[in-house]
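For the sequence shown, counting from 1, position 16 maps to 16 in full-length UniProt numbering; every step adds exactly one.
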Amino acid sequence: MVEVIWSKIAITRVKEIHSYYKFKSQKAGDKIIQDFKSATNALS
Numbered sequence: 001m002v003e004v005i006w007s008k009i010a011i012t013r014v015k016e017i018h019s020y021y022k023f024k025s026q027k028a029g030d031k032i033i034q035d036f037k038s039a040t041n042a043l044s
């Protein structure tokens, strides 16, 4: 019974961590795109 509770907690944690990193990488990607756009604007 305890194992079931622990596995549920573990699955929830993994999902949280995964979505957190997905969010962070999304933000980083947005920043790279922004930097690229401003660099392109500066060149043109």
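The beta-carbon is built from N, C-alpha and C at its ideal position, and this holds for glycine as well.
Short of 6 Å in beta carbon distance, which residues of its chain neighbour residue i, apart from the five on each side in sequence? Order them along the chain.
| i | result |
| --- | --- |
| SER19 | none |
| SER25 | none |
Using C-beta distances below 7 Å, list every residue in its chain close to residue i, excluding the 5 sequence neighbours before and after it, in chain order.
| i | result |
| --- | --- |
| LYS37 | none |
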